[in-house]
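Down below is the structure, laid out as structure tokens.
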Amino acid sequence: MTSVTELLAELLLMPFIAFVVGLAMVLMYRKIAARLQRRIGPPLLQPIYDIVKLYGKETQISHGLIHDIGLVMAVGGYVAAEIFLPVPGMDGIADKGGIITLSYVLMVPSLGLALGVGQCANPNGSIGISRALTAMLAYDIPFIIVVFGVATHYQSTSLVGMIEYQQIHQWGIFEMPLLAVAGLFALQGMMGKQPFEIYVAPAEIATGPMVEMSGKYMGGLFVMQTFQLYTAGVLYTSLFLGGGANWFEFLVKIFIVVAIPMSVALVFPRYRTEDMVRIMWKWPVMVALIGIAFVL
Amino acid sequence: MSKIGNIPVNAQNGKKRTNPLAGVFDELVQFCQSRSMFMLHYCTGCGAIELPPAMTSRFDMERLGIQPMVTPRQADILLITGYVSVKTLKRVILTYEQMQSPKYVIGICSCTVNGGMYWQSYATAKVLNEYLPVDVYIAGCMPRPEAVIEGLRRLMGNIENGKGIAWKDYFQRYDHYLGNQQHLFGNDWQTPTDIIGEARHYGLETEQTCGEHSRILEQHQQPLEPYKMRIKL
């Protein structure tokens with residue numbers, strides 16, 4: 058009985074922690090951007106102000122039922138992903154799902170967003186979402202190859218097992234450096250940061266998928282962004298950096314992992330969609346395949 | 062816009078609120094609204110050149126939680142930076158009506174206050190206030206970035222004290238604004254947004270929402286049709 062209540066508490070607590078840590082990551086991104094541009098940047102609670110303000114809008118435009126459901130799928134997909142990601146002291150249902158389930162669940166938000174944006178009937182949104190799905194196709198190929206290689210190396214698809222193995226032996230990044238490099242490359246695309254952020258392109262297609270989102274819908278996307286950053290950081294840390302023995306070590310690792318793509322993003326312009334597919338299917342795929350050859 | 066009935070009404074006007082913490086929540090939301098403003102800059106005139114320094118490293122608007130946004134749906138502030146010609150004003154009104162309330166308009170430069178150096182022009186709308194409810198004017202030709210920031214801070218103060226409610230005026234006295242718009246654009250002027258329907262839906266309708274001008278609008282109103290998809294080969 059205690060194990061059931063414990064599990065339920067973990068299922069509630071893990072997305073909540075993800076949200077709070079994700080807020081801090083959003084703040085970190087904006088602070089890094091500000092420092093690189095020699096600005097001061099937003100105050101400490103700015104991500105919370107933004108979300109409360111967006112949910113507090115007094116008029117809301119809904120474009121229909123699918124618009125609402127799409128947003129719920131986008132946020133819900135990430136909430137579901139959080140309970141498959143083990144954190145120190147809490148495994149959730151990570152030992153039952155494994156990384157194959159996780160990589161399926163991680164596709165749900167993009168598909169939900171595509172559904173929701175489709176009903177907005179805004180041409181900018183349609184262009185944006187078609188680019189976003191193409192981008193997903195681009196970064197998922199190296200990502201799946203990396204996942205396959207890592208699972209082959211550990212002879213397991215369980216994230217919990219991988220973390221235990223790394224904490225006993227050594228970190229995955231030392232055992233399979235090529236896969237780690239390819240994974241970092243795919244992470245850049247997964248987080249949707251420059252040079253792979255053609256699908257938001259504020260100046261050209263008016264932030265693409267988000268163009269018709271207002272009020273609470275935009276608030277939902279802001280919440281989704283916090284989960285997205287957290288998921289990317291935790292996933293990479295679990296695969297290559299040995300998870301975390303305690304919370305301090307864990308938080309330091311995931312913030313460093315997320316800070317790398319952010320810092321890279323701010324000094325790059327963006328690639329066009331077809332260039333992104335070309336570069337993603339060429340370099341990280343090649344590196345990851347060589348990495349697999351070493352692992353096998 | 063007829064489908065707007067699906068959206069739950071945010072009942073604030075006149076109805077008694079039962080939640081004892083409603084006042085606290087209102088203050089929290091107002092505080093957050095004043096600390097987080099997304100800005101759509103409709104750069105019509107020369108005042109636009111003062112915005113890049115106000116946004117970038119010298120004066121850094123993001124300290125105040127103000128950042129640029131690119132679509133009217135996401136924006137809170139509409140910045141009109143300079144003279145507004147009659148043709149531009151149509152676009153400004155279309156943009157304003159697509160923004161989600163609470164929304165604020167800031168008129169930068171003398172041209173938005175009284176026409177400025179375009180006072181004698183036949184093609185320029187002189188007083189922006191007659192066509193849109195303006196929250197803050199920042200006078201000057203052109204105002205320096207310090208003045209722009211000062212104006213934005215004043216708007217922040219107004220919102221925090223609950224005074225940033227000019228957007229309600231557009232719903233409550235729509236007939237007045239519509240009359241001025243029809244005076245410029247002619248009697249067949251209409252926008253895709255159904256302001257009267259929104260005012261009814263959100264409980265903001267007063268006796269001045271509809272009047273003689275909205276009756277003219279009803280006479281000339283044509284139903285909106287989606288654009289035809291055409292592919293040129």
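These protein sequence lines are chains A and B, in that order.
Per the working numbering: the first sequence = residues 58 to 353.
Per the working numbering: the second sequence = residues 62 to 294.
Even glycine gets a Cβ: it sits at the ideal position worked out from N, Cα and C.
Keep in mind the model is a prediction, meaning the values are calculated, not measured.
Asked                                                                                                                                      : Found
Proximity to Cys271/B [Cα-Cα], best of Lys289/B, Gln233/B and Asn248/B                                                                     : Gln233/B
At least three beta-carbon pairs within less than 8 angstroms, the segment 319 to 329 of chain A to the segment 75 to 89 of chain A        : yes
For Ser187/A, three-class secondary structure by DSSP                                                                                      : helix
Proximal residues to Pro326/A (C-beta, below 8 angstroms), its chain only, five neighbours per side dropped                                : Gln251 and Pro252
Neighbouring residues, chain A, relative to Leu89/B (Cβ below 8 angstroms)                                                                 : Val109
Rounded straight-line distance, which links the Cα of Ala81/A to that of Ile311/A                                                          : 11 angstroms
Chain-ordered chain A contacts of Asp121/B [CB-CB under 7 angstroms]                                                                       : Arg96 and Ile97
Residue range of the unbroken alpha helix (DSSP H) whose run includes His102/B                                                             : Looking at the DSSP string, His102/B is not in any alpha helix (DSSP H); the run it does join, the beta strand (DSSP E), is Met98 to Tyr103.
Chain-order list of residues whose beta-carbon lies under 8 angstroms from that of Val257/A (same chain, five-residue window excluded)     : Gly185, Gly249, Thr264, Gly265, Pro266 and Met267
Alpha-carbon to alpha-carbon, Pro143/A and Gln224/A                                                                                        : 14 angstroms
Below-8 angstroms beta-carbon distance, Val309/A vs any chain B residue                                                                    : no
Residues, ordered as in the chain, of the segment 258 to 280 of chain A that lie near chain B by beta-carbon distance below 8 angstroms    : Pro259, Ala260, Ala263, Thr264, Met267, Val268, Glu269, Met270, Ser271, Gly272 and Met275
DSSP state of Leu82/B mapped onto helix, strand, coil                                                                                      : coil
Spatial neighbours of Gln117/A in its chain, beta-carbon cut-off 8 angstroms, leaving aside the 5 residues before and after                : Ser271, Gly272, Lys273 and Tyr274
Contact under 8 angstroms by Cβ, Arg329/A with Ile255/A                                                                                    : yes
Stretch-stretch touch, CB-based, cutoff 8 angstroms, three pairs: the segment 124 to 132 of chain A with the segment 161 to 172 of chain A : yes
Minimum Cβ-Cβ distance from Arg124/B to chain A less than 8 angstroms                                                                      : yes
With 16 other Cβ atoms within 10 Å as the buried cut-off, status of Ile167/B                                                               : buried
Ser146/B in three-state terms, based on DSSP                                                                                               : strand
Closest Cα partner of Leu125/B within the set Pro99/A, Glu232/A and Phe76/A                                                                : Pro99/A
Test item: CB-CB of Gly121/A and Thr283/A under 8 angstroms                                                                                : no
Amino acids of chain B, ordered along the chain, whose beta-carbon sits closer than 7 angstroms to that of Tyr106/A                        : Cys93, Arg96, Ser97 and Gly126
Under 9 angstroms by beta carbon: chain B residues contacting Gly348/A                                                                     : Under the 9 angstroms cutoff, chain B gives no residues; its nearest Cβ is about 40 angstroms from Gly348/A.
For Ile349/A and Gly206/A, believed in contact at Cβ under 8 angstroms, the rounded distance                                               : 4 angstroms
DSSP three-state assignment for Met219/A, whether helix, strand or coil                                                                    : helix
Partners in chain B for Lys114/A, counting only beta-carbon separations shorter than 8 angstroms                                           : Gln161, Ser162 and Pro163
For Val197/B, the first and last residue of its enclosing alpha helix (DSSP H)                                                             : First-last for Val197/B: Val197 to Ile199, but that is the beta strand (DSSP E), not the alpha helix (DSSP H).
For Met267/A, the three-state DSSP class (helix, strand or coil)                                                                           : helix
The segment 263 to 274 of chain B: positions lying closer than 9 angstroms to chain A by Cβ                                                : Tyr263
C-beta atoms of Glu111/B and Met217/B nearer than 8 angstroms                                                                              : no
Closest by C-alpha distance to Lys187/B, when choosing among Thr149/B, Gln135/B, Gly247/B and Ala136/B                                     : Thr149/B
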